[in-house]
Every structure is written in C-alpha cells, then in structure tokens.
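A quick write-up on the structure given underneath.
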C-alpha cells in the first residue's frame, strides 16, 4: 500500500494509504480508540473503532504507548475538526518498535532533565516547531543572498590566528601546533570578497565564554556576508532588506509553527525596511538619562539595548561606536575616536542580532590597530596583504542564527533554538 | 554614475556606467591601452584610446599594475569578439588602491607558494571558477533536499563522544573536560530524523589524519541526509537521484566555469539515474582477478576503486560490505558477515564521493556492535535511546563537498576545491 507522509494526506481523501510514524497520543474508551500519530511532517488522528477495525487490532491497540513506532494502513477521510483536516480510519497496523516508559511525558520536566534528553526532547511539539522555523530561517537567509549576487564560500574553522584576541578561544592540538576554533569567518570572507565581490560564509563559530546567560552558547552558527566596494550606509541598506526578507518569509511559511509556539506575530509583521538608524552618541544621550548605570563610551548591556530598542516598533541600527569597544578591523569614522560599526537591535528585548561595519582599508591604519590591540603582526600578514594589493572600501556583517530564530519564535532561551546546544554545562548528548 | 557589475554590462549597451574592480591585465601601445578588469562577477576589456579618453587618463594608465583596484567610468559598447560580448570605452578612472609587485604573476608558481598565498590565489581565474562551481554545487545539494521534504538541521561540532573511534580525532580543552571535533554529524542526524522524518546536516568535519594524499583534508565539508523508514535500496534510489540532480544542475549553470577549467564534460553528461549497483562480493571477484594486491574482505584502496569504476560509464554503487571494515552502526545484511553499507564511486578515477547505508535499528545488536568495537557504552547511551523508544528502520549517507567539486571540476587535488584548505602542513592563512 502506498506510503504517504502525513502532510500530504489531504491529497488522498477516500483512498487507502499507509502511514509510518510514532504514537504521539493515545486515548481509549469502550468502543473507540484514538491514536494521534506523528511522522515528522505532521500529526494525524487515527481511529480504531469496534466493528470497523478488525478485533485483533482493536485489542492490540492497548500496546500503543507514547513514541511506539507504527505503520498503519487505513482510509483517509475528510474531517475538518481534526488536526490537518483529515482522519485515518484504521484497517490494520504493525508495531515497528516498542517504547516502554518514554522519559518525556506530558507533565512538566525540569530543564536540566530535558537538556540531558535533548535527543528525545526534539520530538516534542514545541521543539519540533522551533527546528522547522530554524531550517526555514537559514534557507531564507541563503536564498536572499544567492538571489542577490552573493557567492556562499565557507571560511575555515581551524586556524593559527584569531579574530579578536585569544581569551575566549577554544584551542586544539594540531599535529603539535596550536590551532584555534573560529570565532568568526570575517577575515577570510574579506579575502573571498576581494576575489568574488559579494560573498557570504555560513558555519559554526565558537566562544569559550564562561557566561551562563540565556543569550550565549559556546557553539553557534553565523552567516557573514562581506561586500567589496560597500560602505557603512550600503551595508545598513543591505542588512535591513535582508532581515525584512527573512522575517517576512518565515512569517508566511511557518504560520502553523508560530501558532504552536503561541507567538504574537504583530511585532514581526512590522519588520519591513527601512529601519531607524541612531548613532551611538545619540543612543548614549538617551541612556545617560534613563540608565543610571550606563557609562558613556562603554558597550551596551542587554538592559541598555532594551531601553534603546523600546523606542521603536522595528529593529533599530546603532552605528558609529567608540573605537575602544570595537575590533581592530573597523574603519575609523570622521571623528577618529569612533569607528564605522553598526549593530542591529531586535525589538521586544531580543537585543543584538546583527553586528557589522565597514572594515579598515588603509594598510597603515590597520597595522596601527593590530599593534594597538596587542596582536601579533606576523599572524595578520596575509590579512594585511588585502590592503597592500588593490585595497577597496568594503563592509559586511554577521547575523547569529540562534538569536534570530529565538526572536522570530519568541523563545527567550537560546538553547532551544539549536538542535544540540553547547553551553559550559552541556557537551552531551 | 550608476555602478554596474560586469556580469550585467550587456544590459547597458550604449549607456554610461561605472564599474568597480581590479586590474586583471594591462596592455599598452602607442595610441591605445587595454585594461582587463575583474570585479568577481566577470571580466571586461576597457579601452583607453588616444583622442577618445582624456590625455590625463591616457598617461595615468601606466600606473595600472596587476590587481590595482580601480573605478572606471565609460560607455558600454557591444563587441562580440570581446570577453562577455561588450567593451568599455573609458572616459575617466580613479585608482582606489595601488598594487606593487603583486606576488602571483602569470608565470608558473610552485604549489607551496600558492598555498601560502591562498588569500590572493583565490583571485586567479581558475581558482575563481572552482569556487563558483563549489558554491553552485552546495546550493544544488541543499535545493534538492529542501524541495524534497528534508529539513536542514545542523549537528554539533564539539561533543564528548566520537563516531568511529578516537585515533583520528582532534581534541579540545572544554572547560577542563575533553571535547572532540566532529568527524560526522550522522549520529545526531539520526536523532533529528526520528523527530522530523527526513533531515540533513551540513557542516565542517574533521579528521586528524597524517596522510598526505591528494584526496584528504583535515577539515572538509559534508552534507549528511538521514531518513526514517528508509532501507538500503531506498537510500541508493535517493542518492542516485540526488547526485544526478546536482551534477546536471552544475553542468547547466556553470558552463563558463567548466570551460575555464578545460573540463571535458562528456562523462558528466552521462550522470543520470539509475546507476549500476554491484555487491562488495561481486566487486571482490573482479579485483581478485585484476589486482594482485587486493585481499578479499579488506577495504578498497584508490586503485581498487578505479578498477571497479572503470567498468561503467556512470557512478557505480558498491553495497553489502564485510562487517569488519565498517562502523559499528551499520545494519547487518542477511549474511551476518556483511553489513548494509553503500559507497558511490565516481567515474574517471575520482573514487568514493558518497558513503552511506542502513543503520542498525536493533537495540541488542547495537550494544553488541559498540562493545565489539571497544567503544564506551555509556557515551552512546543517548544514541541507544533511539532504538529503545520507537526504533525504526532508517538509512542515510554522507557526501563530501570537496570530493564532489573536485570530480565536477576535473581537479585532482582536493586542496583547490575549498577556499582555505587545511592539511597537515597548512593551517595558514
């Protein structure tokens, strides 16, 4: 009999089909039994009715514990009130694998327990929805860039030099030498942009940060576009169009998932370019008034980001940051105390999701910056070559996949936005 | 003046436009000078003619050394004999960044020198073409799966357990504990497949192999689909359709690049499903006759792969391998000395590009396999859970991005198929 995925059952009304999945829920009364089955593409209610389903299956249905794997043969009926608009009238079924005492039950579990069982927790309705939003988000990001003249080129993960100092780097033994895990693909993306014009890297990045916040993972995924002949303003134009496309595409394609996640999408619907832009100095004026703990010239904390972003109903750019709080590779602003960086703050307290800026294109200024940051000039010889041989103004940004997914899903703890989160306490499963 | 990418110039014939790029080549005679400019999207011949271009630019053109970055304003003319079918009549130009003694000249350079200068080598015509084929290959791979019901879900890179023993693992200090860099996302993809049905992971994988062959990198990218309720035959059906789609799509979209690479594409044009399938035992019969060094029961070397694949004009599957040469997670064949693995060998001596198989779905057999391989059962407790709670037949495969790109491009050394190759001797740039 033809195997049909649950999402496609609505195209088979009146037909006999087979479904293959797992028992999501089971209810039983004297004459009728309901098995809700999931197969990864959806849920369907399967009905085992006395007199309609052969007796042997009616009795055997009592073995259908949560997460038992099962193949069911039956007839698809239209039934508007059911999940997915159809119901499966069971003719027979076969148990593929039993499931005794499945650890994750409908009752509440503590997070440490769920994290230990992440390999099973992924099957739960909400986690399932988040992962679908994640996949759609990444696809939308790549599609936008692929369709706008960008070339996807991976940056290396292992390398002998670091992007922003070594204090939060994971180190590996590499045949007797020390190799570091990438914190960002940017420097390599810059080299690729000089060859291809517009590029992006997509890959895992690592920070050995001991901070236990709901916004930090030790391993997270970043997408990092980099464009030759772009300045800061062109970069911000690109970012706002890119973010708008991603959010609106996911809103359109993941309606069901966002309902499951109980996400109020009214704020997301407003995420349409252009976005407001405010300089660091203007933001600092606001923060000095509203946040007694804010020190002008310093970096924004999560609370400061919220104060700034709350003034707008869209994501907001903050640009032109004090030089001292930014990486060595940022281009100087007209006022040399500042650099041409731009961060994008999401609304609703979700904070920074994009960090970017124009890169320093002067060889001499870059040497100055590397020395000033106490980095080893020899390690950056290849990076300096990009300024030695046909330097051009260029800019780029990095967008954190997990933070973006968390924002879109309305999930405040980032650990739920990646299949297998890595934090200071989680290296398993 | 409007900035136009070189690939789009043909849509602007008769118009005045600006291009922004780098000097690729410069030829000069008494009354006319030709600057070939590259901008990552293509090449265009720019003509500086005495009497047509103002004298100040005619004289200044002598400064246009290789890789000088330059903005040119001029008029686009149709000129069929030129690269890209157009020519730019220069009205003025501005040098953005000089380039003195660019290290990579049209003369031959040794590979160690080119590898040290990979950040610049990427700008060369052939390397540029390979990277474009690479990006298109990855996009085709993802598109095929996205359009066929698969969910892209990343596997973790850092983890406490290994997939196939620890001898070729890179290890990191993880807050005082040992973490390994992923050799494969498969085990995690299996967990995701139990939640989502059909999934794929895409990411970097690592092998600390000391072998210096032209087919090995220490860091390489893999795409690994995994499907619940699939057996070995369904897996091979999927692989041949997937590989056919990828190869035919790249052939169609990267014609110019394959010409630059001087690739004879006649063999690639034949890569259309179905592919021949031969059991290990039948392949061993052939090898015993043709290769005196082949030992039945052992793994194939590169030379053996070539002998087998040469018999066919398409990629060929070898399936049902001796248990002793495969990982602990393979499902037993009917004859328990064998397991349900399948490798796909590319034609023209490009060797194995896909490895896959059906996974062991029996809890007891899997425990046996883990013990037999001397692995720590406790490390695989979570993986065993997938067989404890609703186990299902499932299968999957891994395809190496670099080997596939090498095959399509006809490039025999894998180091040219990734932006920044990592080998035992190359951790920089």
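Protein chains in written order, with the working numbering: chain A, -16 to 412; chain B, -16 to 412.
Ideal Cβ placement from N, Cα and C applies to all residues, glycine included.
Asked	Found
For residue 302 of chain A and residue 325 of chain A, believed in contact at Cβ under 8 Å, the rounded distance	4 Å
Distance between residue 122 of chain A and residue 261 of chain A (C-alpha atoms, nearest Å)	30 Å
The beta strand (DSSP E) enclosing residue 189 of chain B, as first and last residue numbers	181 to 189
Contact under 8 Å by Cβ, residue 154 of chain A with residue 155 of chain B	yes
Interface flag, residue 368 of chain B vs chain A, CB-CB below 8 Å	yes
Which of helix, strand or coil DSSP assigns to residue 341 of chain A	strand
Between the CA atoms of residue 387 of chain A and residue 247 of chain A - distance to the nearest angstrom	16 Å
Local Cβ density within 10 Å of residue 416 of chain B, reported as buried at 16 or more and exposed below that	In the structure as shown, chain B begins at -16 and stops at 412. Residue 416 of chain B is therefore absent and cannot be evaluated.
Contact the region 160 to 168 of chain B vs the region -3 to 6 of chain B: 3+ CB pairs below 8 Å	no
Rounded straight-line distance, which links the Cα of residue 45 of chain B to that of residue 126 of chain B	47 Å
Rounded separation between residue 339 of chain A and residue 10 of chain A - CA only	53 Å
Assumed close pair residue 244 of chain A, residue 393 of chain A - CB separation to whole angstroms, cut-off 8 Å	6 Å
7 Å Cβ cut-off: residues of chain B touching residue 375 of chain A	52, 79 and 80
C-beta neighbour in chain A for residue 349 of chain B, strict 8 Å	no
Proximity winner among B:-15, B:-13 and B:398, relative to residue 499 of chain B (alpha-carbon distances)	Outside the shown range of chain B, which is -16 to 412, sits residue 499 of chain B, and nothing can be said about it.
Residue-level contact to chain A via CB, residue 7 of chain B, 8 Å cutoff	no
DSSP bridge partner residues for residue 162 of chain B (one or two, in chain order)	B:155
Classification of residue 371 of chain B by the beta-carbon crowding that lies within 10 angstroms, buried from 16 upward	buried
Buried versus exposed call for residue -14 of chain A [16 or more other C-beta atoms within 10 Å across all chains shown]	exposed
For residue 377 of chain B, the first and last residue of its enclosing beta strand (DSSP E)	377 to 383
Separation of residue 293 of chain B from residue 113 of chain A, as counted between CA atoms	47 Å
Burial state of residue 240 of chain B, where buried means 16 or more other Cβ atoms lie within 10 Å	buried
Contact check, residue 55 of chain A vs residue 76 of chain A, beta carbons under 8 Å	yes
Buried or exposed (CB count within 10 angstroms, at least 16 for buried), residue 32 of chain B	exposed
Cβ contact check for the region 128 to 137 of chain B and the region 178 to 185 of chain B: 3 or more pairs under 8 Å	yes
Complete runs of the beta strand (DSSP E) confined to the region 30 to 65 of chain B [at least 3 residues]	52 to 61
Three-state secondary structure assigned by DSSP to residue 26 of chain B	strand
First through last residue of the alpha helix (DSSP H) which encompasses residue 119 of chain B	108 to 129
Residue-level contact to chain A via CB, residue 23 of chain B, 8 Å cutoff	yes
Spatial neighbours of residue 332 of chain B in its chain, beta-carbon cut-off 7 Å, leaving aside the 5 residues before and after	289
Within-8 Å CB hit, residue 396 of chain B to chain A	no
Alpha-carbon to alpha-carbon, residue 92 of chain B and residue 108 of chain B	14 Å
Residue-level contact to chain B via CB, residue 217 of chain A, 8 Å cutoff	no
Where residue 372 of chain A meets chain B, residues with beta-carbon distance less than 7 Å	50, 82, 85 and 103
Residue 283 of chain A versus A:295, A:296 and A:269, residue with shortest Cα-Cα distance	A:269
Residues of the region 127 to 139 of chain B with Cβ closer than 8 Å to any Cβ of chain A, in chain order	129, 132, 134, 135, 136, 137, 138 and 139
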